[in-house]
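K.L.:
In our numbering, the protein residues as written are 15 to 407.
So, in C-alpha coordinates, the structure goes:
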(Lines of atoms letter the chains of each structure in order from A; the text may use other names.)
(Lines give C-alpha, C1' and ligand atoms only; values in the text may rest on other atoms or scores of the structure.)
Protein backbone atom coordinates (compact mmCIF):
# COMPACT_ATOMS: atom_id res chain seq x y z
CA UNK A 15 0.00 0.00 0.00
CA UNK A 16 1.07 3.57 -0.55
CA UNK A 17 0.55 6.60 1.61
CA UNK A 18 -1.48 9.62 0.58
CA UNK A 19 -0.39 13.22 0.80
CA UNK A 20 -3.99 14.48 1.06
CA UNK A 21 -4.79 16.65 4.06
CA UNK A 22 -8.08 14.97 4.92
CA UNK A 23 -9.21 11.41 4.29
CA UNK A 24 -12.60 9.77 4.82
CA UNK A 25 -13.00 6.06 5.47
CA UNK A 26 -16.56 5.26 4.44
CA UNK A 27 -18.91 2.27 4.35
CA UNK A 28 -17.48 0.77 7.55
CA UNK A 29 -19.73 -2.13 8.59
CA UNK A 30 -18.88 -1.73 12.28
CA UNK A 31 -16.79 1.06 13.77
CA UNK A 32 -15.41 0.53 17.27
CA UNK A 33 -15.05 4.00 18.81
CA UNK A 34 -14.70 2.96 22.49
CA UNK A 35 -16.98 5.91 23.34
CA UNK A 36 -20.47 4.85 24.48
CA UNK A 37 -21.69 8.41 23.79
CA UNK A 38 -21.08 7.85 20.07
CA UNK A 39 -22.69 4.47 19.55
CA UNK A 40 -23.92 1.16 20.95
CA UNK A 41 -22.63 -0.35 24.18
CA UNK A 42 -19.23 0.04 25.84
CA UNK A 43 -17.50 -0.15 22.45
CA UNK A 44 -19.55 2.75 21.11
CA UNK A 45 -20.30 0.76 17.95
CA UNK A 46 -21.50 2.69 14.90
CA UNK A 47 -22.85 0.67 11.96
CA UNK A 48 -22.40 1.77 8.33
CA UNK A 49 -20.00 4.36 9.67
CA UNK A 50 -17.37 6.78 8.42
CA UNK A 51 -14.25 8.32 9.94
CA UNK A 52 -12.53 11.50 8.80
CA UNK A 53 -8.78 11.86 9.36
CA UNK A 54 -7.22 15.33 9.32
CA UNK A 55 -3.45 15.18 9.54
CA UNK A 56 -2.59 12.89 12.46
CA UNK A 57 -5.97 13.30 14.22
CA UNK A 58 -9.52 12.04 14.01
CA UNK A 59 -11.69 14.95 12.88
CA UNK A 60 -15.15 13.37 12.63
CA UNK A 61 -17.02 10.08 13.12
CA UNK A 62 -20.61 9.23 12.29
CA UNK A 63 -22.92 7.59 9.76
CA UNK A 64 -21.34 6.98 6.38
CA UNK A 65 -24.09 8.89 4.58
CA UNK A 66 -23.34 12.04 6.53
CA UNK A 67 -19.56 12.13 6.08
CA UNK A 68 -18.27 15.59 5.14
CA UNK A 69 -16.32 16.19 1.94
CA UNK A 70 -12.61 15.37 2.14
CA UNK A 71 -9.53 15.48 -0.07
CA UNK A 72 -9.35 11.70 -0.26
CA UNK A 73 -11.72 8.79 0.34
CA UNK A 74 -11.20 5.11 1.14
CA UNK A 75 -14.15 2.73 0.78
CA UNK A 76 -13.99 0.17 3.60
CA UNK A 77 -16.29 -2.06 1.60
CA UNK A 78 -18.40 -3.26 4.50
CA UNK A 79 -15.48 -4.17 6.72
CA UNK A 80 -14.85 -3.35 10.38
CA UNK A 81 -12.56 -0.64 11.75
CA UNK A 82 -11.26 -0.42 15.31
CA UNK A 83 -8.63 1.63 17.14
CA UNK A 84 -5.03 0.58 16.73
CA UNK A 85 -4.06 -1.83 19.48
CA UNK A 86 -2.23 -0.45 22.52
CA UNK A 87 0.36 -3.02 23.65
CA UNK A 88 1.29 -1.82 27.13
CA UNK A 89 3.80 -4.53 28.13
CA UNK A 90 6.72 -5.91 26.11
CA UNK A 91 10.45 -6.61 26.32
CA UNK A 92 11.84 -5.86 22.85
CA UNK A 93 15.44 -4.81 23.56
CA UNK A 94 17.26 -8.12 23.48
CA UNK A 95 19.50 -10.34 21.40
CA UNK A 96 19.35 -14.07 20.75
CA UNK A 97 16.41 -16.35 21.33
CA UNK A 98 15.56 -19.28 23.58
CA UNK A 99 14.26 -21.82 21.09
CA UNK A 100 15.89 -24.76 22.86
CA UNK A 101 14.33 -23.77 26.18
CA UNK A 102 10.85 -23.50 24.64
CA UNK A 103 11.24 -26.78 22.75
CA UNK A 104 12.31 -28.61 25.89
CA UNK A 105 9.43 -27.16 27.91
CA UNK A 106 6.86 -28.10 25.27
CA UNK A 107 8.42 -31.56 24.88
CA UNK A 108 8.41 -32.32 28.60
CA UNK A 109 12.19 -32.47 28.82
CA UNK A 110 14.30 -30.89 31.58
CA UNK A 111 16.32 -27.87 30.55
CA UNK A 112 19.10 -26.42 32.67
CA UNK A 113 20.14 -23.29 30.76
CA UNK A 114 19.84 -19.92 32.41
CA UNK A 115 16.49 -18.53 31.28
CA UNK A 116 16.56 -14.74 31.56
CA UNK A 117 20.29 -14.94 32.28
CA UNK A 118 20.81 -16.46 28.82
CA UNK A 119 19.18 -13.43 27.22
CA UNK A 120 21.15 -11.08 29.47
CA UNK A 121 24.42 -12.59 28.26
CA UNK A 122 23.40 -12.36 24.59
CA UNK A 123 22.13 -8.80 24.98
CA UNK A 124 25.26 -7.57 26.72
CA UNK A 125 27.37 -9.07 23.92
CA UNK A 126 25.31 -7.55 21.10
CA UNK A 127 26.20 -4.30 19.39
CA UNK A 128 23.89 -1.31 19.30
CA UNK A 129 22.99 -1.91 15.66
CA UNK A 130 21.83 -5.45 16.42
CA UNK A 131 19.62 -4.31 19.29
CA UNK A 132 18.28 -1.38 17.29
CA UNK A 133 17.39 -3.64 14.35
CA UNK A 134 15.66 -6.13 16.63
CA UNK A 135 13.48 -3.44 18.21
CA UNK A 136 12.56 -2.11 14.76
CA UNK A 137 11.73 -5.61 13.56
CA UNK A 138 9.34 -6.39 16.41
CA UNK A 139 7.71 -2.96 16.28
CA UNK A 140 7.10 -3.45 12.55
CA UNK A 141 5.75 -6.94 13.20
CA UNK A 142 3.25 -5.54 15.69
CA UNK A 143 2.30 -2.65 13.42
CA UNK A 144 1.41 -5.02 10.60
CA UNK A 145 -0.97 -6.71 13.04
CA UNK A 146 -2.59 -3.45 14.12
CA UNK A 147 -0.47 -2.33 17.10
CA UNK A 148 0.04 1.42 16.85
CA UNK A 149 1.17 2.16 20.43
CA UNK A 150 3.89 0.00 21.97
CA UNK A 151 5.45 0.05 25.42
CA UNK A 152 8.78 -1.70 25.88
CA UNK A 153 11.25 -2.24 28.70
CA UNK A 154 14.89 -2.65 29.48
CA UNK A 155 15.81 -5.53 31.78
CA UNK A 156 18.24 -7.65 29.76
CA UNK A 157 21.32 -5.55 30.45
CA UNK A 158 21.40 -5.33 34.26
CA UNK A 159 24.48 -3.12 34.35
CA UNK A 160 24.42 0.66 34.46
CA UNK A 161 25.82 0.93 30.94
CA UNK A 162 23.68 -1.81 29.37
CA UNK A 163 20.40 -0.70 30.93
CA UNK A 164 20.96 2.91 29.84
CA UNK A 165 21.91 1.69 26.36
CA UNK A 166 18.72 -0.38 26.10
CA UNK A 167 16.54 2.56 27.07
CA UNK A 168 18.27 4.94 24.66
CA UNK A 169 17.70 2.48 21.81
CA UNK A 170 14.06 1.90 22.80
CA UNK A 171 13.37 5.63 23.11
CA UNK A 172 14.51 6.16 19.52
CA UNK A 173 11.49 4.15 18.35
CA UNK A 174 8.72 4.46 20.94
CA UNK A 175 7.55 7.03 23.48
CA UNK A 176 6.53 4.40 26.03
CA UNK A 177 9.80 3.26 27.61
CA UNK A 178 10.15 1.49 30.96
CA UNK A 179 13.21 1.09 33.18
CA UNK A 180 13.30 -2.54 34.38
CA UNK A 181 16.72 -2.80 35.96
CA UNK A 182 14.94 -4.85 38.62
CA UNK A 183 14.14 -7.80 36.33
CA UNK A 184 16.30 -10.32 38.16
CA UNK A 185 19.40 -10.16 40.33
CA UNK A 186 22.19 -10.82 37.80
CA UNK A 187 24.77 -13.57 38.39
CA UNK A 188 27.50 -11.06 39.23
CA UNK A 189 25.41 -9.92 42.24
CA UNK A 190 24.03 -13.32 43.24
CA UNK A 191 25.76 -13.15 46.61
CA UNK A 192 24.77 -9.54 47.26
CA UNK A 193 21.17 -8.84 46.24
CA UNK A 194 21.01 -5.85 48.59
CA UNK A 195 23.99 -4.37 46.78
CA UNK A 196 22.20 -4.83 43.47
CA UNK A 197 19.13 -3.03 44.79
CA UNK A 198 21.45 -0.19 45.84
CA UNK A 199 22.87 -0.13 42.31
CA UNK A 200 19.39 -0.07 40.72
CA UNK A 201 18.15 2.72 43.00
CA UNK A 202 21.39 4.71 42.69
CA UNK A 203 23.78 4.91 39.73
CA UNK A 204 21.61 2.80 37.40
CA UNK A 205 18.50 4.88 38.03
CA UNK A 206 20.48 8.09 37.58
CA UNK A 207 21.71 6.89 34.17
CA UNK A 208 18.37 5.48 33.04
CA UNK A 209 15.73 7.94 34.26
CA UNK A 210 16.34 10.52 31.49
CA UNK A 211 15.43 7.92 28.85
CA UNK A 212 12.31 6.41 30.44
CA UNK A 213 8.76 7.30 31.42
CA UNK A 214 8.11 4.33 33.71
CA UNK A 215 9.84 2.25 36.38
CA UNK A 216 9.01 -1.44 36.77
CA UNK A 217 10.06 -4.30 39.06
CA UNK A 218 9.59 -8.06 38.92
CA UNK A 219 8.07 -8.53 42.39
CA UNK A 220 8.11 -12.30 42.75
CA UNK A 221 9.71 -15.07 44.78
CA UNK A 222 13.13 -15.61 43.22
CA UNK A 223 13.31 -12.04 41.95
CA UNK A 224 12.54 -9.06 44.26
CA UNK A 225 10.50 -9.19 47.45
CA UNK A 226 8.01 -6.58 48.59
CA UNK A 227 10.49 -4.46 50.53
CA UNK A 228 13.00 -4.45 47.68
CA UNK A 229 10.29 -3.64 45.16
CA UNK A 230 9.00 -0.78 47.29
CA UNK A 231 12.49 0.72 47.54
CA UNK A 232 13.02 0.50 43.77
CA UNK A 233 9.61 1.91 42.80
CA UNK A 234 9.84 4.70 45.37
CA UNK A 235 13.29 5.69 44.14
CA UNK A 236 12.03 5.69 40.56
CA UNK A 237 9.04 7.84 41.48
CA UNK A 238 11.36 10.33 43.17
CA UNK A 239 13.12 10.67 39.79
CA UNK A 240 9.82 11.34 38.03
CA UNK A 241 9.15 7.81 36.73
CA UNK A 242 5.66 6.36 37.16
CA UNK A 243 5.52 2.87 38.71
CA UNK A 244 4.20 -0.29 37.10
CA UNK A 245 4.72 -3.75 38.57
CA UNK A 246 5.23 -7.34 37.39
CA UNK A 247 2.85 -8.75 40.00
CA UNK A 248 1.49 -12.13 41.11
CA UNK A 249 2.55 -14.08 38.04
CA UNK A 250 4.12 -17.16 39.57
CA UNK A 251 2.24 -17.23 42.86
CA UNK A 252 0.51 -15.19 45.50
CA UNK A 253 2.62 -12.29 46.71
CA UNK A 254 2.70 -8.60 47.61
CA UNK A 255 2.98 -7.21 44.07
CA UNK A 256 -0.65 -6.25 43.43
CA UNK A 257 -1.14 -4.67 46.84
CA UNK A 258 2.12 -2.74 46.46
CA UNK A 259 1.09 -1.54 43.00
CA UNK A 260 -2.20 -0.19 44.33
CA UNK A 261 -0.59 1.36 47.40
CA UNK A 262 1.99 3.24 45.30
CA UNK A 263 -0.53 4.32 42.68
CA UNK A 264 1.09 2.28 39.92
CA UNK A 265 -0.39 2.65 36.47
CA UNK A 266 -0.66 -1.11 36.13
CA UNK A 267 -0.13 -4.42 37.86
CA UNK A 268 0.91 -6.86 35.13
CA UNK A 269 0.24 -10.62 34.94
CA UNK A 270 -2.19 -10.85 37.90
CA UNK A 271 -2.46 -14.63 37.58
CA UNK A 272 -2.66 -15.55 41.28
CA UNK A 273 -5.01 -13.19 43.10
CA UNK A 274 -6.74 -13.25 46.47
CA UNK A 275 -10.13 -11.64 47.01
CA UNK A 276 -8.29 -8.78 48.72
CA UNK A 277 -6.09 -8.29 45.65
CA UNK A 278 -9.13 -8.10 43.39
CA UNK A 279 -10.90 -5.69 45.73
CA UNK A 280 -7.78 -3.50 45.82
CA UNK A 281 -7.59 -3.37 42.03
CA UNK A 282 -11.32 -2.72 41.67
CA UNK A 283 -11.13 0.17 44.12
CA UNK A 284 -8.13 1.83 42.49
CA UNK A 285 -6.96 3.40 39.25
CA UNK A 286 -4.35 0.66 38.81
CA UNK A 287 -5.07 -1.39 35.68
CA UNK A 288 -4.80 -5.18 35.78
CA UNK A 289 -2.81 -6.01 32.64
CA UNK A 290 -3.22 -9.64 31.58
CA UNK A 291 -0.67 -11.35 29.35
CA UNK A 292 -2.13 -14.56 27.95
CA UNK A 293 0.83 -15.19 25.66
CA UNK A 294 2.87 -16.02 28.76
CA UNK A 295 0.41 -18.65 29.95
CA UNK A 296 0.16 -20.09 26.45
CA UNK A 297 3.94 -20.38 26.13
CA UNK A 298 4.54 -21.84 29.59
CA UNK A 299 1.36 -23.92 30.05
CA UNK A 300 0.72 -22.03 33.26
CA UNK A 301 -2.59 -21.25 34.93
CA UNK A 302 -4.71 -18.73 32.99
CA UNK A 303 -5.56 -15.42 34.70
CA UNK A 304 -9.23 -15.19 35.63
CA UNK A 305 -10.29 -12.12 33.71
CA UNK A 306 -13.96 -12.78 34.46
CA UNK A 307 -13.36 -12.47 38.18
CA UNK A 308 -11.57 -9.14 37.73
CA UNK A 309 -14.16 -7.72 35.36
CA UNK A 310 -17.12 -8.77 37.49
CA UNK A 311 -15.51 -7.02 40.47
CA UNK A 312 -15.19 -3.79 38.48
CA UNK A 313 -11.42 -3.77 37.89
CA UNK A 314 -10.06 -2.21 34.71
CA UNK A 315 -8.39 -4.85 32.54
CA UNK A 316 -5.85 -4.45 29.74
CA UNK A 317 -4.51 -7.10 27.39
CA UNK A 318 -0.93 -7.12 26.18
CA UNK A 319 1.50 -9.45 24.43
CA UNK A 320 4.41 -9.53 26.91
CA UNK A 321 6.54 -10.04 23.79
CA UNK A 322 9.86 -11.43 25.05
CA UNK A 323 12.20 -14.23 23.98
CA UNK A 324 11.62 -16.49 26.95
CA UNK A 325 8.00 -16.79 28.02
CA UNK A 326 5.86 -15.09 25.36
CA UNK A 327 7.54 -14.65 22.00
CA UNK A 328 4.54 -13.18 20.20
CA UNK A 329 3.89 -9.66 18.94
CA UNK A 330 0.28 -10.44 17.98
CA UNK A 331 -2.46 -8.63 19.85
CA UNK A 332 -5.14 -10.46 17.80
CA UNK A 333 -3.70 -13.75 19.07
CA UNK A 334 -3.91 -12.50 22.66
CA UNK A 335 -7.52 -11.40 22.11
CA UNK A 336 -8.41 -14.89 20.91
CA UNK A 337 -6.70 -16.49 23.93
CA UNK A 338 -8.47 -14.12 26.33
CA UNK A 339 -11.86 -15.02 24.89
CA UNK A 340 -11.18 -18.76 24.70
CA UNK A 341 -9.35 -19.31 28.00
CA UNK A 342 -9.78 -16.30 30.31
CA UNK A 343 -13.54 -15.80 30.36
CA UNK A 344 -13.68 -12.55 28.39
CA UNK A 345 -16.33 -11.72 25.82
CA UNK A 346 -15.09 -10.60 22.39
CA UNK A 347 -16.22 -7.04 23.17
CA UNK A 348 -14.34 -7.01 26.49
CA UNK A 349 -11.18 -8.39 24.92
CA UNK A 350 -11.17 -5.83 22.12
CA UNK A 351 -11.78 -3.00 24.61
CA UNK A 352 -8.96 -4.27 26.83
CA UNK A 353 -6.54 -4.49 23.88
CA UNK A 354 -7.27 -0.90 22.86
CA UNK A 355 -8.82 1.38 25.50
CA UNK A 356 -7.58 -0.84 28.34
CA UNK A 357 -4.00 -0.61 27.13
CA UNK A 358 -4.37 3.16 26.84
CA UNK A 359 -5.55 3.28 30.48
CA UNK A 360 -2.52 1.21 31.50
CA UNK A 361 -0.29 3.81 29.83
CA UNK A 362 -2.38 6.71 31.12
CA UNK A 363 -3.01 7.87 27.58
CA UNK A 364 -6.18 9.63 26.45
CA UNK A 365 -5.14 10.20 22.83
CA UNK A 366 -5.00 6.54 21.76
CA UNK A 367 -7.18 3.46 22.12
CA UNK A 368 -10.28 5.21 20.79
CA UNK A 369 -11.67 6.62 17.55
CA UNK A 370 -13.16 9.94 18.58
CA UNK A 371 -12.65 13.53 17.43
CA UNK A 372 -9.29 14.78 18.68
CA UNK A 373 -7.79 11.34 19.21
CA UNK A 374 -4.67 10.29 17.32
CA UNK A 375 -5.57 8.76 13.97
CA UNK A 376 -4.54 5.18 14.73
CA UNK A 377 -6.90 2.71 13.06
CA UNK A 378 -6.97 -0.93 11.97
CA UNK A 379 -9.14 -2.09 9.07
CA UNK A 380 -10.15 -5.74 9.33
CA UNK A 381 -10.83 -8.06 6.43
CA UNK A 382 -14.04 -8.97 8.27
CA UNK A 383 -17.42 -7.36 8.93
CA UNK A 384 -17.04 -7.31 12.73
CA UNK A 385 -14.38 -7.02 15.44
CA UNK A 386 -15.74 -10.31 16.82
CA UNK A 387 -13.86 -12.09 14.01
CA UNK A 388 -10.61 -11.45 15.89
CA UNK A 389 -11.68 -14.22 18.29
CA UNK A 390 -14.00 -16.05 15.88
CA UNK A 391 -11.19 -16.63 13.32
CA UNK A 392 -8.07 -17.14 15.48
CA UNK A 393 -4.74 -17.21 13.71
CA UNK A 394 -6.07 -15.59 10.54
CA UNK A 395 -4.27 -12.34 9.53
CA UNK A 396 -7.41 -10.19 9.50
CA UNK A 397 -5.76 -6.77 9.77
CA UNK A 398 -5.67 -5.62 6.14
CA UNK A 399 -4.67 -1.95 6.60
CA UNK A 400 -3.33 0.23 9.40
CA UNK A 401 -3.28 4.00 9.81
CA UNK A 402 -0.66 5.24 12.26
CA UNK A 403 -0.75 8.93 13.15
CA UNK A 404 -2.96 9.44 10.11
CA UNK A 405 -0.61 7.72 7.65
CA UNK A 406 -1.59 4.55 5.83
CA UNK A 407 1.26 2.10 6.42
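We treat Cβ as the ideally placed atom computed from N, Cα and C, and that holds for glycine.
When the Cβ atoms of the region 361 to 370 are set against those of the region 321 to 337, are three or more pairs found closer than 8 Å?
P.N.:
No, the region 361 to 370 does not touch the region 321 to 337.
K.L.:
By DSSP, does residue 40 sit in helix, in strand, or in coil?
P.N.:
Three-state DSSP puts residue 40 in a strand.
K.L.:
How big is the Cα-Cα spacing for residue 167 and residue 66?
P.N.:
Taking the straight line from one Cα to the other gives about 46 Å.
K.L.:
Run through DSSP, which three-state label would residue 244 get?
P.N.:
DSSP places residue 244 in strand when its eight states are reduced to three.
K.L.:
Suppose contacts are defined by Cβ-Cβ distances below 7 Å. Is residue 225 in contact with residue 244 by that definition?
P.N.:
It is not a contact, given that the beta carbons lie outside the stated cut-off.
K.L.:
Look up residue 272 in the DSSP assignment and say whether it is helix, strand or coil.
P.N.:
DSSP places residue 272 in coil when its eight states are reduced to three.
K.L.:
Checking 7 Å against the spacing of the C-beta atoms, do residue 223 and residue 184 come in under that value?
P.N.:
Yes, Cβ-Cβ distance for residue 223 and residue 184 is below 7 Å.
K.L.:
Might you give, ordered along the chain, the residues of its own chain that have their beta carbon closer than 7 Å to the beta carbon of residue 230, omitting 5 neighbours on each side?
P.N.:
258, listed in sequence order.
K.L.:
Rounded to the nearest angstrom, how far is the Cβ of residue 44 from that of residue 35, given a contact under 8 Å?
P.N.:
Going by Cβ atoms, the distance from residue 44 to residue 35 rounds to 4 Å, so yes, they are a contact pair.
K.L.:
So what's residue 151 in DSSP terms, helix, strand or just coil?
P.N.:
Three-state DSSP puts residue 151 in a strand.
K.L.:
Leaving out five residues on either side along the sequence, give the residues of the same chain with a beta carbon under 7 Å from the beta carbon of residue 253.
P.N.:
Cβ within range, chain order: 219, 220, 221.
K.L.:
Note down, in chain order, each residue of its chain lying with its Cβ closer than 6 Å to the Cβ of residue 262, except the 5 sequence neighbours on either side.
P.N.:
So the list reads 233, 243, once near-sequence residues are dropped.
K.L.:
Do residue 350 and residue 385 have their C-beta atoms within less than 7 Å of each other?
P.N.:
Yes, they are a contact pair.
K.L.:
Could you spell out the range, first to last residue, of the alpha helix (DSSP H) harbouring residue 105?
P.N.:
Its alpha helix (DSSP H) spans residues 99 to 107.
K.L.:
Cα separation between residue 321 and residue 285?
P.N.:
One C-alpha to the other measures close to 25 Å.
K.L.:
Applying the 10 Å Cβ sphere with the 16-neighbour rule, what's the burial state of residue 355?
P.N.:
When all chains shown are included, residue 355 counts as buried.
K.L.:
May I have the straight-line CA-CA distance separating residue 19 from residue 57, to the nearest angstrom?
P.N.:
Per-residue confidence for residue 19 stands at a pLDDT of 47, beneath the threshold of 50, marking its modelled position as unreliable; no derived number is given.
K.L.:
Can you look up residue 202 in the DSSP assignment and give me helix, strand or coil?
P.N.:
Helix.
K.L.:
Quick one: residues in its chain with C-beta nearer than 7 Å to the C-beta of residue 53, no 5 flanking neighbours on either side, listed in chain order?
P.N.:
Same-chain partners within the cutoff: 22, 23, 59, 375, 401, 404.
K.L.:
Would you tell me roughly how many angstroms separate the C-alpha atoms of residue 137 and residue 69, rounded to the nearest one?
P.N.:
Going from the Cα of residue 137 to the Cα of residue 69 covers about 37 Å.
K.L.:
Grab me the residues of residue 130's own chain with a C-beta within less than 6 Å of its C-beta, minus the 5 sequence neighbours each way, in chain order.
P.N.:
Only 95 meet the Cβ criterion.
K.L.:
Please classify residue 106: is it buried, with 16 or more other beta-carbons within 10 angstroms of its beta-carbon, or exposed?
P.N.:
The residue in question, residue 106, is exposed, as its Cβ has fewer than 16 Cβ neighbours within 10 Å.
K.L.:
Would you give the residue range spanned by the alpha helix (DSSP H) that residue 351 belongs to?
P.N.:
Unbroken alpha helix (DSSP H) run through residue 351: 346 to 351.
K.L.:
Let me check one thing: in DSSP terms, what residues is residue 266 bridge-paired to?
P.N.:
Paired residue(s): 287.
K.L.:
Going by alpha carbons, who is nearest to residue 170 out of 134, 198, 193?
P.N.:
Out of 134, 198, 193, 134 has the C-alpha closest to the C-alpha of residue 170.
K.L.:
Are the beta-carbon atoms of residue 212 and residue 241 separated by less than 7 Å?
P.N.:
Yes, they are a contact pair.
K.L.:
Using only alpha-carbon positions, find the residue among 33, 250, 278 that is nearest to residue 260.
P.N.:
Ranking the options by Cα distance to residue 260, first place goes to 278.
K.L.:
Roughly how many angstroms lie between the CA atoms of residue 80 and residue 381, to the nearest whole one?
P.N.:
The straight-line gap from Cα to Cα measures roughly 7 Å.
K.L.:
Once you ignore the five residues that flank residue 61 on each side, which residues in its own chain have a CB closer than 8 Å to its CB?
P.N.:
Around residue 61: 31, 33, 38, 46, 49, 50, 51, 52, 369, 370, 371.
K.L.:
With a threshold of 6 Å (Cβ to nearest heavy atom), would residue 241 be considered close to the ligand GDP?
P.N.:
In the structure on display, the ligand GDP does not appear, and there are no ligands present to speak of.
K.L.:
Would you tell me roughly how many angstroms separate the C-alpha atoms of residue 139 and residue 100, rounded to the nearest one?
P.N.:
One C-alpha to the other measures close to 24 Å.
K.L.:
With respect to the beta strand (DSSP E) encompassing residue 219, which residues constitute its N-terminal and C-terminal limits?
P.N.:
Where residue 219 is concerned, the enclosing beta strand (DSSP E) stretches over 214 to 219.
K.L.:
Using the Cβ count rule (16 or more neighbours within 10 Å means buried), how would you classify residue 360?
P.N.:
Buried: at least 16 other Cβ atoms inside 10 Å.
K.L.:
Return the Cβ separation of residue 296 and residue 337 in integer angstroms, given the expectation that the two are a contact with Cβ distance under 8 Å.
P.N.:
That pair is a contact at about 6 Å.
K.L.:
Quick one: Cα of residue 71 to Cα of residue 28, how far?
P.N.:
For residue 71 and residue 28, the distance between alpha carbons rounds to 18 Å.
K.L.:
Tell me which residues share the same chain as residue 124 and place their Cβ nearer than 6 Å to its Cβ, disregarding the 5 neighbours each side in the sequence.
P.N.:
Around residue 124: 162.
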